[in-house]
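Worksheet: the structure to be examined is printed underneath.
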Amino acid sequence: MINGRIIKAMSGEYVVDTNIGVFTTRPRGIFRHKNNAPKVGDFVDISTTDEEHDQSVIVHIHPRKNEFIRPAVSNIDYLAIVMSVKSPTIDWLLIDKFICSSLHNETKPILILTKCDLLAEDDYKALEQYKLYYDDLDISLLFSINNHHLNQLKSLIKDHVVVLTGQTGVGKSTLINKLDQSKDLETQEISTKLGRGKHTTRHIELFPFKGGYIGDSPGFSQLDVSMIEMQSLKYYFEEFNRFSKSCKFRECLHHREPKCQVKKAVEEGSIMKHRYDHYIHLLEAKMNEKPKY
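Residue numbers for the sequence shown follow the UniProt record's numbering, so the first one is 1 and each next one is one higher.
In structure tokens form, the structure reads like this:
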């Protein structure tokens, strides 16, 4: 029996990286019956009868420390949320959804902004204020055109598993090419008709890098956070925590309750209004969800 990590999944086949080489495998049928399909990032045991490494079978999936539905990956240390500031325009609501999803899965989020060279000087300075805010939340906000920030990202990846996620056309593959020039991942231009990227990356893949892995994933513009309970959502907006202790009601949702200290902090500018607005957007969506039976 050989132990390894799945680094690529495509057309029912899984590429497994082990300490004796890379194996192309297929899973046993029992995983389909148990609704437990392997995912990229899984630690697995494989059985092989072929010296060419292409007749191997996944026989066991080890317990996952975390797993994501979108991107479909498991056992990662950092979720790097990559967004362009232009073409396509930055989507702060989607960013906050990714942050919630990451924290819910006990994974540290990183925010990477690309195409900052397209910004006017005043807009770039405004982004630097956002960086200070997110830094206070212990969320690294990095600019891809800044070599110092790229070196920070390289140090984070060392001995860890980092997966890049975000919309199409924001420069995820370009960023990997920049971090590791031995890679030559396919990239494409933005669709001028749709105003968003064309799908270049069609499957998730982990690439060995500095003792860890960096992963590229297909882009998308929608993210479902329905797995987060309504009462728990507020905890993923971590700047609320130091104010919520003083709310009149212990279970305050910071929505329409009187004497809510989180709403007061928003009015006073201690909490970014757009972050609070996104929380309310997600909260009200949870309130309007139809019950599942």
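By construction, the Cβ of each residue, glycine as well, lies at the ideal position given by its N, Cα and C atoms.
* Mind checking whether I58 and V73 have CB atoms under 8 Å apart? -> Along the sequence shown, one-based indexing puts residue 58 at 58. Along the sequence shown, one-based indexing puts residue 73 at 73. It is not a contact, given that the beta carbons lie outside the stated cut-off.
* Taking contact to mean at least 3 C-beta pairs separated by less than 8 Å, is the region 35 to 43 in contact with the region 3 to 11? -> Short answer: they touch.
* Looking only at C-alpha atoms, which of I99, D117, K86, K115 sits nearest to P109? -> What you label residue 109 is simply residue 109 of the sequence shown in a count that begins at 1. Minimum Cα distance to P109 is reached at I99.
* **Through-space distance from I69 to Y124, alpha-carbon basis** => Counting from one through the sequence shown, the residue named residue 124 turns up at place 124. Counting from one through the sequence shown, the residue named residue 69 turns up at place 69. In a straight line, the C-alpha of Y124 is about 33 Å away from that of I69.
* **CA-to-CA distance, L206 to Y14, given in whole angstroms** => Counted from its first residue, the sequence shown places residue 14 at position 14. Counted from its first residue, the sequence shown places residue 206 at position 206. Roughly 12 Å between the two C-alpha positions.
* Look up I69 in the DSSP assignment and say whether it is helix, strand or coil. => Here residue 69 refers to the residue found at position 69 when the sequence shown is read from its first residue. Looking at I69 - three-state DSSP - the assignment turns out to be coil, as it is neither helix nor strand.
* Asked: Among residues of its own chain, excluding the 5 on either side of F23, which ones have a beta-carbon nearer than 8 Å to its beta-carbon?
  -> Here residue 23 is taken as the residue at index 23 of the sequence shown, counted from 1. Closer than 8 Å at the Cβ level, and outside the excluded window around F23, lie I2, G4, V15, V16, I46, T48, H53, D54, S56.
* To do: Go ahead and label K263 buried or exposed: buried means 16 or more other beta carbons lie within 10 angstroms of its beta carbon, across all protein chains shown.
  => The count along the sequence shown starts at 1 and reaches residue 263 at position 263. K263 comes out buried.
* Asked: In its own chain, which residues sit with a C-beta less than 7 Å from the C-beta of T192, not counting the 5 before and 5 after it?
  -> Taking the sequence shown and counting its residues from 1, the one referred to as residue 192 is at position 192. Low confidence applies to T192: its pLDDT is 41, below 50, so where it sits in the model is not reliable, and the reading given next is rough at best. So no residue of the chain qualifies.
* With E205 as the anchor, note down where its beta strand (DSSP E) starts and where it stops. => If you number the sequence shown from 1, residue 205 lands on position 205. That run of the beta strand (DSSP E) goes 205 to 209.
* What alpha helix (DSSP H) runs, 4 residues minimum, are completely inside the region 22 to 49? -> With a minimum length of 4 residues, the continuous alpha helix (DSSP H) runs that stay inside the region 22 to 49 are 30 to 33.
* Asked: To which residues does DSSP link R5 through a beta bridge?
  -> For the purposes of this step, residue 5 is identified with residue 5 of the sequence shown, where counting begins at 1. BP columns for R5 point to D17, F43.
* What separation, rounded to the nearest whole angstrom, lies between the Cα atoms of L137 and E239? -> Along the sequence shown, read from residue 1 onward, the residue named residue 137 stands at position 137. Along the sequence shown, read from residue 1 onward, the residue named residue 239 stands at position 239. One alpha carbon belongs to L137, the other to E239, and they sit about 7 Å apart.
* **Whether L175 touches I139 by CB criterion (8 Å)** => Against the sequence shown, residue 175 aligns to sequence position 175. Against the sequence shown, residue 139 aligns to sequence position 139. Cβ distance not < 8 Å, so L175 and I139 don't count as in contact.
* Find the nearest neighbour of E67 within the set K154, N105, P218, judged by alpha-carbon distance. => Here residue 67 is taken as the residue at index 67 of the sequence shown, counted from 1. Proximity to E67 across K154, N105, P218 peaks at N105, based on C-alpha coordinates.
* To do: Select from A80, N241, M272, T107 the residue whose C-alpha is nearest the C-alpha of Y130.
  => Sequence index remark: in the sequence shown, residue 130 carries index 130 (1-based). Its Cα nearest to that of Y130, the residue M272 stands out among A80, N241, M272, T107.
* With DSSP collapsed to three states, give me the class of I157. => Along the sequence shown, read from residue 1 onward, the residue named residue 157 stands at position 157. Three-state result, I157: helix.
* Note the first and the last residue of the continuous beta strand (DSSP E) segment covering L113. => In the sequence shown, the residue the question calls residue 113 occupies position 113. Note, L113: beta strand (DSSP E), 108 to 114.
* To do: Since I believe Y276 is in contact with K234 (beta carbons under 8 Å), could you give me their beta-carbon distance rounded to a whole number of angstroms?
  => Start at 1 with the first residue of the sequence shown, and residue 234 comes out as number 234. Start at 1 with the first residue of the sequence shown, and residue 276 comes out as number 276. Separation of the CB atoms of K234 and Y276 is rounded to 11 Å, and the pair is thereby denied contact status at 8 Å.
* Got a sec? Which residues, its chain only, sit under 6 Å from L141 by beta carbon, not counting five neighbours each side? -> Stepping through the sequence shown from its first residue, residue 141 is reached at position 141. Within the same chain, Cβ atoms closer than 6 Å to the Cβ of L141 are found at L111, K131, Y134, the five residues on either side in sequence being excluded.
* **Proximity below 8 Å, CB of R215 to CB of V163** => By 1-based counting over the sequence shown, the position of residue 215 is 215. By 1-based counting over the sequence shown, the position of residue 163 is 163. Note that residue 215 is Gly in the sequence shown here, rather than Arg. Taking 8 Å as the cut-off, the Cβ atoms of G215 and V163 count as close.
* **Segment limits, alpha helix (DSSP H) that includes Y130** => Reading the sequence shown from its first residue, position 130 is the one you call residue 130. That run of the alpha helix (DSSP H) goes 121 to 136.
* Under the three-state DSSP convention, the category S270 falls into -> As a position in the sequence shown, residue 270 is number 270, starting the count at 1. In the structure shown, S270 falls within a coil segment according to DSSP collapsed to helix, strand and coil.
* Residues bridged to H60 (per DSSP) -> Your numbering for residue 60 matches position 60 in the sequence shown. Answer by DSSP bridge pairing, in chain order: D45.
* Asked: Out of D180, N177, I157, L113, which has the shortest C-alpha to C-alpha gap to G211?
  -> Here the question's residue 211 lines up with position 211 in the sequence shown. Put simply, of D180, N177, I157, L113 the residue whose alpha carbon is nearest the alpha carbon of G211 is I157.
* Is I176 helix, strand or coil by DSSP? -> Taking the first residue of the sequence shown as 1, we reach residue 176 at position 176. DSSP places I176 in helix when its eight states are reduced to three.
* **Proximity to G269 [Cα-Cα], best of F243, I228, L150** => As a position in the sequence shown, residue 269 is number 269, starting the count at 1. Comparing Cα-Cα distances from G269 to each of F243, I228, L150, the minimum goes to F243.
* Asked: I76 lies in the alpha helix (DSSP H); which residues open and close that run?
  -> Position 76 of the sequence shown holds residue 76. First-last for I76: undefined, no H or E at that position.
* Where S226 and Q167 are concerned, what is the direct C-alpha to C-alpha distance, given to the nearest angstrom? -> For the purposes of this step, residue 226 is taken as residue 226 along the sequence shown, with counting starting at 1. For the purposes of this step, residue 167 is taken as residue 167 along the sequence shown, with counting starting at 1. About 19 Å.
* **First and last residue of the uninterrupted alpha helix (DSSP H) at S102** => Counting from 1 along the sequence shown, the entry for residue 102 is found at position 102. It spans 92 to 104 - the alpha helix (DSSP H) in which S102 sits, taken as one unbroken run.
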